[in-house]
Structures are given as C-alpha cells and as structure tokens.
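**Q** Quick note, the numbering used here runs 98 ahead of the 1-based positions in the sequence shown.
Yeah, the Cβ is synthetic: ideal placement off N, Cα and C, and Gly gets one too.
Everything numeric in this text was worked out from a predicted model, so none of it was measured.
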Amino acid sequence: MTFKIISVVGARPNFVKIAPLDREFKKHPEIQHLICHTGQHYDKNMSDDFFKQLGITQPAYNLGISGGSHATQVADILKAFEQVLLKENPHLVIVPGDVNSTLAAALAASKLGYPIAHIEAGLRSFDRTMPEEINRLLTDQISDLLFVTEKSALTNLEKEGIDSSKVFFTGNIMIDSLIHQKEQIQATEILKQYQLENGNFAIATFHRPSNVDDEKKLNQLVNFINEVSSRIQLILPLHPRTRNRLESFELMARINNQIILSEPLSYISFLSLIEKARLVITDSGGIQEETSFLKIPCVTVRDNTERPVTVEVGTNYLAGTDFNNALNIVNQILNNQHKKGQIPELWDGKTAERIYQHISHYLNLRA
Ligand code: UD1
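Laid out in structure tokens, this is it:
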C-alpha cells in the first residue's frame, strides 16, 4: 500500500521545518510526498534559495498567493488548496508552523474531511493580537496528529481539551535542519563578505507587525539598534515588511551608518552568522530556538514568547519592548554575565524520524 501525503508550506520558517521530513519520506518508498507552496513568500531569497539549500523536493503545486490582507490571503489559499485536495485525494495533509498558509490549508483539509498533521503544535504566546496565535489555536483544534517541540505545548493542548492520544512530543524539527547543514554552516565565508570578526559582532532581525507596523514603535526600535551599534558592530538583514515600513515612515536615514544593512539572507549564511555572533537580537520565533541550540545569547524584543523552554533552559532573554531593559541585557551579555544555557530535550536531529514513525503507524491503522 502506498500513501499520498501533501505538505503545505508558504513562508520562510515553513521551509526549514519541512525539509527534514521530506528527506525522511524519501527513505520510505510507501510514501508519496507532494509539496504545495502557497506562494506566501515568493522572493528568490525568501523562497527558492531555501528550497535549493535545504534540498527540498520542488513543489508539485505553487498557488501563487501572496500579500493582501490576512483575510484575503487565508481566503485565497483556502479556495485554491481545496482544488488541489479534490484532485489529489491525499491520505494526509501536513501543515508546519503558525503562518497564514498553515491555517488556510488546515481549514481546507478539515472541511473536506482529510486528516491533518500539525508540526509545531501547542505553542502559545497567550497574546491573541498576534496573527500567529490565532493560526496556532485554530489549527490545533482541527488537527488529528499534533507534534510538539517542547513540554509546555503538552500542557497548553491539554488545557484546551485536545485528546492526548493525538499529541506526540517529538522534539524540534528546525534543529534537524540545523544539524543536517552544520558542516556547510561552518564552512561558509560569510564573515569575510561583511568584514566581520568571529565572536565580535551582533546580528539583529525584526519583522513582527507589533514592532514594525507602528511608526512610534519602529522609531524606538531604530534608537535601540543605534545604541547597540555604538557598543558592538551590528548587522541587520531587512525583512521585506520591515524595509517597507522603514521606507514609508522615512526612518531609513535615521539608521546609524555603521550598521551593516543587508537583504534577507539565505539559510546557510544566516545560521553561519548566528553561530559566530556574540549575541543575537530578534523578534522571530524560530531564531529563539536556533540560538538556544547553538548556545548563543539571544535578546527577544517581545512581551511574550510561545517558546518558554528557550528562556527556561536555553540562552534566550525575554526583554519586552521596553528598550531600556533590552539595552541592559545587551550590556550584561557584552560583559560576559549571561546564562550559558542547555539544549532542550529531544532537540537532537531525530525529530523527523520520530514524526515519520507516528505518521506511518496512523496511516497503517486507517488503511
Ligand atoms: C509571515 C508570517 C510570520 C512569520 C514570517 C516569517 C503570517 C501571519 N505571518 O510574516 O508568522 O514569522 O512570515 O518571515 O503568516 N513580501 C515580499 N517578499 C516575500 C515575502 C513577503 O515582498 O518574499 C512582502 C509581502 O508582499 C507583504 C509583506 O512582505 O507585503 C509581509 O509578508 P507576509 O507573508 O504577509 O507576512 P510576513 O510579515 O512575512
């Protein structure tokens, strides 16, 4: 018996989460794995480069849906993915992460009665103003298999009444990607390209709507990174959302000219910079996890995190968006007074293997 599985990806972090599973499925001839790219992220350096570097099978479908309001994005994906489902009639639909593509694909599958596996289930920021939190809550409610990265997710799902027989603590699949690419990450010459000195620079990334869509907040953020750059060389790859906002609020010129600005970086280049940085400043979710694994101090400029294990066990500091506090933490790190961190449980490069075992068991029982 062969099983047809469709994985739906759309945005940068999804690609990193699906690559290890795609590789794992290739080892098992009974699995036919199709990838559907919604098109949510479409620039070469936000999408194609990730597929190439991570060795992901080319998408069987690209829905070409991007931009627009969240409602439009979700609605368009919902309609387009329904057609893919009707044509392919898969045994299972896999959705990773918490982006709009995740929710839209899960909803289309659920309406047609296809079983859904959610990778990275159960994470909660408890902040419903975050679009991702709504995507997480709703996707988990309609999923049939829920794979979780850390134990806090088990508690969250239990409190929301999700039957524990559907939930599996399988570890962090992003770390599978990192471990698989470690040699290339170490070999890249990215430091030379930006004339950076190993261990003597910081890297910062921001793209959360709560930080960049509000002019006053973004202005404070620029002040903060300017302050950081007076203490240590700083490189700032700009997400398209952030670049757009900096330009429309006319804040580009206020960025200290010692700061190295770059386009979004490829997976290997970015991870290589993280690995060699003195510290990382971010509002991303995945970067809190990658820095914890690499034991690089991370300052998260958000009021909450859905990934508490990175703070409790890893190297992450939840600084809030009071930038004075964030600056104090940066100073502590530069004075070497920071926590050293441990690698969280089951972040060991074997998550895809464990997820495959559960999926295989589930599909064989239903066959
Ligand atoms: C999305 C996810 C967020 C994730 C982030 C990773 C949602 C709700 N948000 O946010 O959880 O952390 O991706 O990067 O799904 N754009 C480009 N080129 C691209 C991609 C986007 O120019 O390749 C533009 C879009 O047209 C849009 C803006 O950037 O104007 C934002 O893109 P969008 O996908 O809506 O959300 P992100 O902010 O990227």
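If I follow the unbroken beta strand (DSSP E) through Tyr-415, where does it start and stop?
**A** 414 to 416
**Q** Going by C-alpha distance, which of Ile-372, Asn-309, Leu-332 and Gln-356 is nearest Arg-341?
**A** It is Asn-309 whose Cα lies nearest to the Cα of Arg-341.
**Q** Name the DSSP bridge partner or partners of Phe-347?
**A** None; Phe-347 has no bridge partner.
**Q** How close, in whole Å, do the beta carbons of Asn-402 and Phe-224 come, if the pair is a contact with beta carbons under 8 Å?
**A** With 8 Å as the limit, Asn-402 and Phe-224 qualify as a contact, their Cβ atoms being about 6 Å apart.
**Q** Under 8 Å between the Cβ atoms of Ile-133 and Pro-157?
**A** yes
**Q** Taking Cβ positions, are Gln-130 and Ile-163 nearer each other than 8 Å?
**A** no
**Q** Cβ-heavy atom distance between Gln-138 and the ligand UD1 below 7 Å?
**A** yes
**Q** Does DSSP classify Gln-239 as helix, strand or coil?
**A** helix
**Q** Counting pairs of Cβ atoms below 8 Å between the region 338 to 354 and the region 105 to 123, do you hit three or more?
**A** No, they do not touch.
**Q** Quick check on Ile-260: does DSSP put it in helix, strand or coil?
**A** coil
**Q** Measure the alpha-carbon distance for Gly-153 versus Asn-198 and round it to whole angstroms.
**A** 24 Å
**Q** Where does Lys-438 fall in DSSP's three states?
**A** Under the three-state reduction of DSSP, Lys-438 is assigned to coil, being neither helix nor strand.
**Q** Thinking C-alpha only, which one of Glu-186, Leu-235 and Pro-307 is nearest Lys-257?
**A** Leu-235
**Q** Tell me the DSSP secondary structure of Ala-300 in three-state form.
**A** strand
**Q** Just to confirm my understanding: we take Glu-128, look at its own chain, exclude 5 residues before and 5 after, and list those with CB closer than 7 Å. What are they?
**A** Met-99, Thr-100 and Phe-101
**Q** Check the C-beta distance from Ile-323 over to Tyr-292 and give it rounded, since I have them as a contact under 8 Å.
**A** About 16 Å; that fails the 8 Å criterion.
**Q** Starting from His-216, trace the alpha helix (DSSP H) in both directions and tell me its first and last residue.
**A** Counting along the chain, His-216 falls outside any alpha helix (DSSP H), though it belongs to the beta strand (DSSP E) covering 214 to 217.
**Q** Kindly identify the DSSP beta-bridge partner or partners of Pro-335.
**A** Partner(s): Ser-360.
**Q** Kindly give me the distance between the Cβ atoms of Phe-347 and Glu-313, rounded to whole angstroms, as I take these residues to be in contact under 8 Å.
**A** 5 Å
**Q** Run the proximity test for Asp-420: is its beta-carbon closer than 7 Å to any non-hydrogen atom belonging to the ligand UD1?
**A** In this structure, the ligand UD1 has no non-hydrogen atom nearer than 7 Å to the beta-carbon of Asp-420.
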